[in-house]
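Notes for the one structure printed next.
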Amino acid sequence: MTRAIRILLALALLGALVLAWALLTGSAGLGWRAVVGTLAGHGTPLAREVVLGLRLPRASAAFATGGLLAVAGALMQVLLRNPLADPYVLGISGGAAVGALSAMMLGWAGSAASGSAFAGAMLSMVVVFGMARLRGEWSATRLLLTGVVVAAGWGAVISLLLALSPDSDLSGMLFWMMGDLGRARGGLPALLILLAAVAVCLPLGRHLNLLARGREQAAALGVNAGPLELGIYVLASLLTATAVTVAGTVGFVGLVVPHMLRLATGNDQRLLLPASALAGGTLLTAADTLARTVIAPEQLPVGVITALIGVPTFLYLLNRGS
Amino acid sequence: MPLLELVELDPDVPGRRTVPLSLAIEPGQCWGVLGPNGAGKTTLLHALAGLRRPASGEIRLRGEPLSRLSRRRIARGIGIVFQQHHDSFPATVRETALMGRHPHLRAWRSEGPEDRERAHRALRQTGLAALAGRPVATLSGGERQRLALATVLTQAPALYLLDEPTSHLDLRHAVVMLDRVREVLADGCHAAMMSLHDINLAARYCDHLLLLYADGSSAHGPATRMLREDRLEALYAHPLHAVETPAGRGFLPG
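Okay, structure coming up:
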């Protein structure tokens, strides 16, 4: 267990460093003394506005979103017994996108838009689950096929919405779909959800390890596979819906982070899930900080950066293994 | 009290009506299940492990109906070696054997030194100790099969169900594998039921046999009473010759 704790401590340290970088970086030109002073409670009004009003909410939202996506991806991979599954494979993000884009078309903003995205995700979760169970017991394959088909359906609706939208809405919509932390207003609720999810999953880690070996093998070794699978499905969907509501559909984090960690540390979910939370948060915070600085004052969609970081790392790890 | 009791059991073989089956597996017994392809050997073993609901009838583990026991309780009493193994994710041989401890551990507890020792012993018994650190994906079919036995030995249930445990094994490893099973049964507290396609291995290792016929009927009893040419010819719908050898009676296809 000491090895697991060492790995988690290293990841936590890395996460803290990246968070510090995110708080120190920006166009306002604040030195580290000013930032630390502001965090301690005595800064100028301008520094307070920049650090506490802009950078901290955005960095915490990025960290929470990345963690949520990575944990949801790890859970989906176990649920579908497929190391290439990601949080979006079952159509959750498509439902959320339809909700979010519809809200933008109607001119809604703030919590109405977030609520609409979340409602779309939940609708998708219920539809996929209902269809997969329509005729008796679900299987990983049937769930996957149902999810993929429903996701394709959402894709068509998204295209329709984009085609019908006025030009002025389009760039906001595209940013949402590539992932955009610019409109995130603080990550505290999402961070709490992430913490609660990891706390729920930890005692189930050994059960999840067995489930990854297949439903029958797990059942033969005393795991109540049916309820556990349903629980994972609902939990992973909720985490994905939360992440997507905060930041839009950021790609790659949910696929690459758990997979990278699995290649590096093995497939013990008791380590993999908390490590995914930390590494996912770290990766997305770093990506978002890059996204808002490389061509400042313009901003890149954060999904572009996660893909640029994720793809080469992933390819390297794959080839190193063999 | 029998270890496992089947009462008027119809295990629900797909596309087939089964004559309800009643038998009792006593501690110390080694049962073989013989029958043609599709007769329902695997379905029966899965039902006995509580992995699928039978169409009718009841299965009792030490007098208690399986349907009223938790999965964890069942897994401490009954272990099963599957015919096929799915390995979607990378894992080592050691980790795979250690899975067998799951039903004995509470949710928050990790595997301790004693659990590791049990897994290691099972790997030694199955000749896999030298491969403990290897990824499962690099094993041969026969090694994978022996690893499945090591996992169930680590699980240490009272009743071992084995679905064609020798299917990927060479002659020597088939004999070694079944010798291991017999060693486990030697203390008189454990029992085994295994499906086999090799009548001669069944004759050598099983003291009781269950014959599952293609028409859904069955026969069971002491091996000496079941291993008769006429019964086996009817079972496989193929002529057979019994030959007496220094190692006992053998059967050759005619």
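Residue numbers (my numbering), protein chains in the order written: chain U, -3 to 318; chain C, 383 to 636.
We put the beta carbon where it would ideally sit given N, CA and C, even for glycine.
Checklist entry - Is there a Cβ from chain C that is less than 8 angstroms from the Cβ of residue 210/U? => result yes
Item to check | DSSP state of residue 185/U mapped onto helix, strand, coil | outcome: helix
Item to check | Rounded distance between the beta-carbons of residue 463/C and residue 544/C, thought under 8 angstroms | outcome: 5 angstroms
Checklist entry - Closer than 8 angstroms, CB to CB, is residue 315/U near chain C or not? => result no
Next on the checklist: Checking 8 angstroms against the spacing of the C-beta atoms, do residue 56/U and residue 183/U come in under that value?
Outcome noted: yes
Checklist entry - From the DSSP output, which residues share a beta bridge with residue 627/C? => result 630/C
Next on the checklist: Determine whether the beta carbon atoms of residue 259/U and residue 313/U lie at a separation below 8 angstroms.
Outcome noted: yes
Checklist entry - From the DSSP output, which residues share a beta bridge with residue 387/C? => result 406/C, 442/C
Next on the checklist: Just to make sure I have the definition right: I need the residues of chain C whose C-beta is within less than 9 angstroms of the C-beta of residue 77/U. Which are they?
Outcome noted: 468, 470, 471
Next on the checklist: I'd like the list of long-range same chain contacts for residue 485/C, defined as Cβ closer than 6 angstroms, with 5 residues on each side in sequence excluded.
Outcome noted: 454, 457, 458
Next on the checklist: Applying the 10 Å Cβ sphere with the 16-neighbour rule, what's the burial state of residue 318/U?
Outcome noted: Residue confidence is low: residue 318/U scores 47 on pLDDT, short of 50, so the model does not pin down where it sits. Its coordinate-derived value is still stated next. Answer is exposed; the Cβ neighbour count stays below 16.
Next on the checklist: When you compare the CB positions of residue 331/C and residue 510/C, do they come within less than 8 angstroms of one another, or not?
Outcome noted: Here chain C covers residues 383 to 636 and nothing more, so residue 331/C does not appear.
Item to check | Closer than 8 angstroms to chain U by CB, residue 465/C | outcome: no
Checklist entry - How is the alpha helix (DSSP H) around residue 5/U delimited, first residue to last? => result -2 to 20
Checklist entry - Assuming residue 403/C contacts residue 600/C under a Cβ cut-off of 8 angstroms, what Cβ separation, rounded to an integer in Å, is found between them? => result 6 angstroms
Item to check | Alpha-carbon to alpha-carbon, residue 271/U and residue 8/U | outcome: 9 angstroms
Item to check | Within chain C, partners of residue 81/U - CB distance below 7 angstroms | outcome: None at all; the shortest Cβ gap to chain C is about 10 angstroms.
Item to check | Selected residue, minimal CA-CA separation from residue 399/C, among 437/C, 415/C, 616/C | outcome: 437/C
Checklist entry - How about the segment 96 to 108 of chain U and the segment 277 to 296 of chain U: do they share at least three Cβ pairs that are nearer than 8 angstroms? => result no
Checklist entry - CB-CB under 8 angstroms to residue 180/U, same chain, minus the five flanking residues each way: which ones, in chain order? => result 53, 54, 57, 58, 61, 242, 243
Item to check | Selection from 129/U, 31/U, 64/U that minimises the alpha carbon distance to residue 49/U | outcome: 31/U
Item to check | Ranges of the beta strand (DSSP E) found wholly within the segment 529 to 595 of chain C, counting only runs of at least 3 | outcome: 541 to 545, 573 to 577, 590 to 594
Item to check | Cutoff 8 angstroms; reference residue 118/U; Cβ partners in own chain excluding five residues on either side | outcome: 91, 233, 237
Next on the checklist: Check whether the segment 30 to 47 of chain U and the segment 4 to 22 of chain U are in contact - that is, three or more C-beta pairs closer than 8 angstroms.
Outcome noted: yes
Next on the checklist: Determine, for residue 218/U, whether the minimum Cβ-Cβ distance to residues of chain C falls below 8 angstroms.
Outcome noted: yes
Checklist entry - According to the Cβ coordinates, are residue 474/C and residue 503/C closer than 8 angstroms? => result no
Next on the checklist: Please confirm whether residue 318/U has its beta-carbon closer than 8 angstroms to some beta-carbon of chain C.
Outcome noted: At residue 318/U the pLDDT is 47, less than 50, meaning the model places this residue with poor confidence; the figure from the coordinates comes in the next sentence. It does not: the Cβ of residue 318/U has no partner Cβ on chain C nearer than 8 angstroms.
Checklist entry - Given a threshold of 16 other Cβ atoms within 10 Å of its Cβ, counted over all protein chains shown, does residue 570/C qualify as buried or as exposed? => result exposed
Checklist entry - What residues match up with residue 600/C in a beta bridge as DSSP calls it? => result 594/C
Checklist entry - Where DSSP assigns a beta bridge to residue 635/C, which residues make up the other side? => result 622/C
Item to check | Member of 518/C, 529/C, 444/C, 417/C whose CA lies at the smallest distance from the CA of residue 389/C | outcome: 444/C
Next on the checklist: Suppose the cutoff is 6 angstroms on Cβ atoms and the five residues either side in sequence are ignored; what does the same chain contact list for residue 525/C look like?
Outcome noted: none
Item to check | Residues, ordered as in the chain, of the segment 252 to 266 of chain U that lie near chain C by beta-carbon distance below 9 angstroms | outcome: 258, 259, 262, 263, 264, 266
Next on the checklist: Please report the distance separating the alpha-carbon of residue 430/C from that of residue 441/C.
Outcome noted: 7 angstroms
Item to check | Bridge-paired residues (DSSP) for residue 463/C | outcome: 544/C
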